[in-house]
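Asker: This is the structure I want to talk about, given as structure tokens.
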Amino acid sequence: MGAYLVRRLSLMAVTLIGMSILIFVLLRLVPGNVADILLDASGNDDPKEKARIVHDLGLDRPIAEQYWQWIDGLAHGDLGYAYVSERPAIEEIGPRIPISAKLAGLAIFFAILFGVPLGVVSAVRQNTKLDYLLRIVSLSGLSFPSFWLGLLVLMAAVQWFGKIPIYDSDAHGFVAQVKMLILPAITVGFRSSALIMRLTRSSMLEVLRQDYVRTARSKGASNTSVNYDHALRNALLPVVTVIGIEAAFLVGGLIVTETVFNIPGVARFLVEAIRWRDYPIVQNLTMLIAFIVVTMNFLVDMAYMALDPRIKYS
Amino acid sequence: MRLRMVLLAAGVAGLVAAASPSFAQKQGGTLRISHRENPPSASIHEESTISVVQPFMAVFNNLVVFDPKEKVNSPDHIVPDLAESWSWSDDKTKLTFKLHQGVKWHDGKPFTAKDVKCTFDAVAGLDEKSEILRKSPRKIWYQNLKEVTTNGDNEVTFVLGRPQSSFLSMLASGYAPIYSCHVSGREMRTKPIGTGPFKVVDFRRNEGIKLVRNPDYWKKGLPYLDAIEWKIVPNRATRMLGFQSGDFDMTFDSDVTFPLLKDVMAQRKDAVCEARPTNVNSNILVNRDSPPFNNPEVRHALVDAIDNHAFAEILSQGHDLDGAAMLPPPYGKWGMPKEMLASLPGHATDIEKSRAEGRKIMEKLGYTADKPLKIKVATRNIEIYRDPAVILIDQLKKVHIEAELEPIDSSVWYNKIAKKDYQIGMNLTGVSVDDPDVNFYENFYSKSERNYTGYNNPEVDKLIDQQSAETDLEKRKKLVWEIEKKLAEDVARPVIGHNVANTCWSPKLKGVNLQVNSIYNGWRFEDYWLDK
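Sequences listed follow chains A and B, in order. With this note's numbering applied, the first sequence closes on residue 680, and no number is skipped along the way. With this note's numbering applied, the second sequence closes on residue 829, and no number is skipped along the way.
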């Protein structure tokens, strides 16, 4: 197990270094840089002014030197300066991480809260009206574009409550935060919950047909005990994998939801930073996402061991 | 006609409001406004977008301003701001301002004539080492400014190379605030310091801009509002829903298109909405240096295809205005009369006849419906640019030109245009002061960095200089129309139409006066108040 962990962690480090090079190079291959965009915003194309901005931002130095400066800074906790806002990148990124983390956490919580139990119910009540209804709901969750769903939720909020959940950075306390984020979280989590529900259902159906489930029933175990003690635990393995992947890739859904609900989180900020070619922001945020994806994969692998005692890493 | 009705109604409402004794201004309250995007920075002198001017003009003062109580920006409606008075030398080449005494910057330091000098030295490029700006897109406005001199702390003189009647109008623009010498460029871009009615508390990307009342504002009793909060909401549907639900007291300027207006009014019945020209025009950039548009005949066929009225019908339910480079009357002070406009290429009243002529030209050059001229129409990949480009593509078919849309990312748009790597481009041009100098020098003068097409006609340059130096209004107008005629005949940058859009606000917000010939100049907010 120890050797496996060392190997796994080393691989994670190599992956992250590879990612950093890829991110750095790809960003610079995209046409236009921040100087172009800054001049575009002012509607002029003065080569002298452009050269001055490029020089001030250090974009005229060799690529390798720029890369080393970034990595060296990263190792020392210095993320550099955002080009557009001209503030330390950490000050720009730092306050936005908890916002997106709370939204993503709440979305995953809703996804699991609804997805797993409803998937089990759908499997246990296979081919009943309830099953059909849940299958329609889950299919809609996968089919509705988040953008459209978000706008629909906002319109409903205006119609019914006369208000929209505008993000307020002064809202403190657990209840105030949940109240503010609940609608966007449900909008993001709906798709994930649909996916989890469908996967739980199919996985449960497969397990419920296994010999050991039949044996448990023949030994007189109750339905609840068979469904939840024997079947669900084994059916959860693929579900956990999907939850892990969904959590890691939630940032895609967050971009749309943060835009529609106007939440100043990292996902929307990243898109904006890409548009402005704000390299320090894009590089550091993309690395953060890469780190989350790699870590989530690692945690999912570890979770396998807890869920299935037959799995051992060596 | 419809627009005139709206303006008339707004004018009557304004008079009634002013006459009513129950409208005594109330102090206090926070004005909440939606903002359409992240402003590139807070430094007005470095940017060329309403996204910067509208929120940040309230932080500064100018030497003079267009009277905020007037609907039309005009030289007759210029009132003092930081200047107490001004006078011209006999030869009209020296403009001297006496400055208000006792004015302080938001950080408590005194405002002096040196601040005025250092602002315009930087803006005009007279001081290349200046650290207060890293870009100056309106340098061309001040090409006639030779020197700024001070006489003590309270007097400043602008020395011009020749008489220029528009100079005072340019100083009255929202784009001419006075910066402080002691504040760095970085600070001005992130958290600027001014002498204006509001101080910047916070400017956060993707979140908003918070301004609070300047308690030491030198205009006693102003401003009325305690604070202004701009929330950055890039999604227009969300912005509109926010206004409908009452989360915002005012929409971003000209944010409500005509199709949206119906929805907004249906959901928020008490909303006050006003339509007005934005002095932003849609126009075509023509690459006259390479084939096929290096051929004047092809350029003429291109404009023969344009049906401005169809553009207006599709884009703004018929509200956009037909005009040449200058905003047409009655809103614009310099646009040519309708009958004169109709004689210009690209503004024909009989569109079928015009298109037949266009086809004839193209057929003479060997193009037919079966063998059309194939071109690309480049434009920024933004809805307001793409929409007119698509209509243009459709209209070009009528003169045997088959065009393909080429959407370009904003980051490479100017690069592409500067490199002449396009055939024709759909473009939007905002004119911040309704004066020919601002428009012609920026967009058509051969030496301007913002003359994107590189249009270079020495005769037109000469006429531009000539009208600029002309002090007789009527004579100047005639020269302006002559320039307009030449620009149209040269197909310099054919204008498709002048945009008209709506701005809405809560009936509780008072003191709003939208100016009809520029969206860039009336945003000091010191007269705004909330009746809550």
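Using N, Cα and C, we set each Cβ at its ideal position, and we do this for glycine too. Just so you know, these numbers come straight off a predicted model, no measurement behind them.
In this structure, does DSSP put L519 (chain B) in helix, strand or coil?
Answerer: Counted from its first residue, the second sequence places residue 519 (chain B) at position 222. The answer is coil: DSSP assigns L519 (chain B) none of H, G, I, E or B.
Asker: When you compare each of B:E526, B:N370, B:E334 and B:W631 to F295 (chain B) by their alpha carbons, which one comes out closest?
Answerer: Any property of residue 295 (chain B) remains undetermined from this structure, which presents chain B solely from 298 to 829.
Asker: Measuring alpha carbon to alpha carbon, tell me which of B:D619, B:P372, B:K807 and B:D758 ends up nearest D604 (chain B).
Answerer: Against the second sequence, residue 604 (chain B) aligns to sequence position 307. Checked all of B:D619, B:P372, B:K807 and B:D758; the closest Cα to D604 (chain B) is B:D619.
Asker: Taking C-beta pairs closer than 8 Å, name the residues in chain B that D426 (chain A) reaches, listed in chain order.
Answerer: In the first sequence, counting from the first residue as 1, residue 426 (chain A) sits at position 60. Ordered by position in chain B, no residue passes the 8 Å Cβ test against D426 (chain A), which lies about 15 Å from the chain.
Asker: Quick check: the Cα distance between E367 (chain B) and G629 (chain B), rounded to an integer number of angstroms?
Answerer: Translated into the one-based positions of the second sequence, residue 367 (chain B) becomes position 70. Translated into the one-based positions of the second sequence, residue 629 (chain B) becomes position 332. Taking the straight line joining both Cα atoms gives about 14 Å.
Asker: Mind checking A563 (chain B): buried by the 16 CB within 10 Å criterion, or exposed?
Answerer: Here residue 563 (chain B) refers to the residue found at position 266 of the second sequence. A563 (chain B) should be labelled exposed.
Asker: Anything in the stretch 682-714 of chain B with a Cβ closer than 9 Å to a Cβ of chain A? List those residues in chain order, please.
Answerer: Per Cβ criterion, the list reads D706, S707, S708, V709, W710, Y711, N712 and I714.
Asker: Given a cut-off of 8 Å on the beta-carbon distance, is the pair Q720 (chain B) and N584 (chain B) in contact?
Answerer: Stepping through the second sequence from its first residue, residue 720 (chain B) is reached at position 423. Stepping through the second sequence from its first residue, residue 584 (chain B) is reached at position 287. In this structure, N584 (chain B) lies closer than 8 Å to Q720 (chain B) by Cβ.
Asker: I'd like the list of long-range same chain contacts for A470 (chain A), defined as Cβ closer than 8 Å, with 5 residues on each side in sequence excluded.
Answerer: Reading the first sequence from its first residue, position 104 is the one you call residue 470 (chain A). Same-chain partners within the cutoff: V554, A613, L616, V617 and L620.
Asker: Who does C570 (chain B) pair with in a DSSP beta bridge?
Answerer: Your numbering for residue 570 (chain B) matches position 273 in the second sequence. For C570 (chain B), which the question treats as bridged, DSSP gives the partners B:C801.
Asker: Which stretch, first to last residue, makes up the beta strand (DSSP E) that contains R510 (chain B)?
Answerer: Working through the second sequence from its first residue, we reach residue 510 (chain B) at position 213. G505 to R510 is the span of the beta strand (DSSP E), which, as asked, contains R510 (chain B).
Asker: In three-state terms, what does DSSP make of M385 (chain A)?
Answerer: If you number the first sequence from 1, residue 385 (chain A) lands on position 19. If DSSP states are grouped into helix, strand and coil, M385 (chain A) belongs with the helices.
Asker: Flag S319 (chain B) as yes if its beta-carbon sits less than 8 Å from any beta-carbon of chain A, otherwise no.
Answerer: Translated into positions along the second sequence, residue 319 (chain B) becomes position 22. Summary for S319 (chain B): the model assigns pLDDT 47, below 50, so the residue's position carries little reliability; its value from the coordinates is reported in the next sentence. No - not a single Cβ of chain A is within 8 Å of the one on S319 (chain B).
Asker: Please confirm if G539 (chain B) has its CB atom under 8 Å from at least one CB of chain A.
Answerer: As a working mapping, residue 539 (chain B) is identified with position 242 in the second sequence. Closer than 8 Å: yes.
Asker: Beta carbons nearer than 8 Å to chain A: which residues of the stretch 335-363 of chain B have them?
Answerer: Cβ contacts with chain A come from N335, P337, S338, E343, E344, S345 and T346.
Asker: Closest to E610 (chain B) by C-alpha separation, out of B:A568, B:I679, B:T554 and B:P372, would be which residue?
Answerer: Your numbering for residue 610 (chain B) matches position 313 in the second sequence. Ranking the options by Cα distance to E610 (chain B), first place goes to B:T554.
Asker: Report the three-state DSSP secondary structure of M378 (chain A) (helix, strand or coil).
Answerer: Reading the first sequence from its first residue, position 12 is the one you call residue 378 (chain A). Correct three-state label for M378 (chain A): helix.
Asker: Would G491 (chain B) pass as a contact of H403 (chain B) if the rule is Cβ separation under 8 Å?
Answerer: The residue you call residue 491 (chain B) lines up with position 194 of the second sequence. The residue you call residue 403 (chain B) lines up with position 106 of the second sequence. Taking 8 Å as the Cβ cut-off, G491 (chain B) and H403 (chain B) qualify as a contacting pair.
Asker: How long is the line joining the alpha carbons of T494 (chain A) and R502 (chain B), rounded to whole angstroms?
Answerer: On the first sequence, position 128 is the one that residue 494 (chain A) refers to. On the second sequence, position 205 is the one that residue 502 (chain B) refers to. The alpha-carbon atoms of T494 (chain A) and R502 (chain B) are separated by roughly 51 Å.
Asker: What number of angstroms, rounded off, separates the C-alpha of N628 (chain A) from the C-alpha of R580 (chain A)?
Answerer: For this step, residue 628 (chain A) is matched to residue 262 along the first sequence. For this step, residue 580 (chain A) is matched to residue 214 along the first sequence. So the alpha carbons of these two residues sit roughly 52 Å apart.
Asker: Using 8 Å as the limit for Cβ to Cβ distance, is S651 (chain B) near chain A?
Answerer: On the second sequence, position 354 is the one that residue 651 (chain B) refers to. Closer than 8 Å: no.
Asker: Mapping DSSP to helix, strand and coil, what is L457 (chain B)?
Answerer: Your numbering for residue 457 (chain B) matches position 160 in the second sequence. In this structure, L457 (chain B) counts as strand in the three-state DSSP scheme.
Asker: For a contact meaning CB atoms closer than 7 Å, what does V809 (chain B) contact in chain A?
Answerer: In the second sequence, residue 809 (chain B) corresponds to position 512, counting from 1. Per Cβ cutoff of 7 Å: no residues; V809 (chain B) is ~22 Å from chain A at best.
Asker: Around the Cβ of Y578 (chain A), are there at least 16 other Cβ atoms within 10 angstroms (buried) or fewer (exposed)?
Answerer: What you label residue 578 (chain A) is simply residue 212 of the first sequence in a count that begins at 1. Under this definition Y578 (chain A) is an exposed residue.
Asker: Which ranges does the beta strand (DSSP E) cover as unbroken runs of at least 3 residues, wholly within the stretch 383-409 of chain B, from first to last along the chain?
Answerer: Whole beta strand (DSSP E) segments, 3+ residues: 391-396.
Asker: Nearest to F590 (chain B) by CA position, among B:G325, B:M547, B:A789 and B:Y817, is which residue?
Answerer: For the purposes of this step, residue 590 (chain B) is identified with residue 293 of the second sequence, where counting begins at 1. It is B:A789 whose Cα lies nearest to the Cα of F590 (chain B).
Asker: Return the chain-ordered list of same chain residues with a C-beta closer than 7 Å to the C-beta of L602 (chain A), the five sequence neighbours on each side being excluded.
Answerer: Residue numbering aside, residue 602 (chain A) sits at position 236 when the first sequence is read from its first letter. Within the same chain, L602 (chain A) has close Cβ partners L673.
Asker: Any contact of the stretch 581-600 of chain A with the stretch 546-562 of chain A, i.e. 3+ C-beta pairs under 8 Å?
Answerer: Counting Cβ pairs under 8 Å, fewer than three are found: no touch.
Asker: Pick from B:F357, B:K671 and B:N712: whose alpha carbon is nearest that of V497 (chain B)?
Answerer: Position 200 of the second sequence holds residue 497 (chain B). Measuring from the Cα of V497 (chain B), the nearest candidate turns out to be B:F357.
Asker: Excluding the five sequence neighbours on either side, which residues of its own chain have a C-beta within less than 8 Å of the C-beta of L702 (chain B), listed in chain order?
Answerer: Counted from its first residue, the second sequence places residue 702 (chain B) at position 405. Excluding residues within five positions, the ones whose Cβ falls inside 8 Å are K673, V674, T676, R683, A686, V687 and I690.
Asker: What are the boundary residues of the beta strand (DSSP E) that P702 (chain B) is part of?
Answerer: To locate residue 702 (chain B), count along the second sequence from 1; it is residue 405. According to the sequence provided, residue 702 (chain B) is Leu. The question's Pro does not apply to it. Its beta strand (DSSP E) spans residues I698 to I705.
Asker: For chain B, is any of its Cβ atoms less than 8 Å away from the one on G446 (chain A)?
Answerer: For the purposes of this step, residue 446 (chain A) is taken as the residue at position 80 of the first sequence. It does not; no Cβ of chain B falls within 8 Å.
Asker: How far does the alpha helix (DSSP H) with I478 (chain A) in it extend, from its first residue to its last?
Answerer: One-based indexing of the first sequence puts residue 478 (chain A) at position 112. Per DSSP, I478 (chain A) belongs to the alpha helix (DSSP H) from R462 to V490.
Asker: Using a Cβ cut-off of 8 Å, pull out every chain B residue sitting near K678 (chain A), in sequence order please.
Answerer: Here residue 678 (chain A) corresponds to residue number 312 of the first sequence, with the count starting at 1. Within 8 Å Cβ-Cβ: nothing; K678 (chain A) doesn't reach chain B, min ~47 Å.
Asker: In angstroms with no decimal places, state the Cα-to-Cα distance between R333 (chain B) and L725 (chain B).
Answerer: Reading the second sequence from its first residue, position 36 is the one you call residue 333 (chain B). Reading the second sequence from its first residue, position 428 is the one you call residue 725 (chain B). So the alpha carbons of these two residues sit roughly 17 Å apart.
Asker: What's the C-alpha gap between I456 (chain A) and L654 (chain A)?
Answerer: Within the first sequence, residue 456 (chain A) is the residue found at index 90, counting from 1. Within the first sequence, residue 654 (chain A) is the residue found at index 288, counting from 1. One C-alpha to the other measures close to 12 Å.
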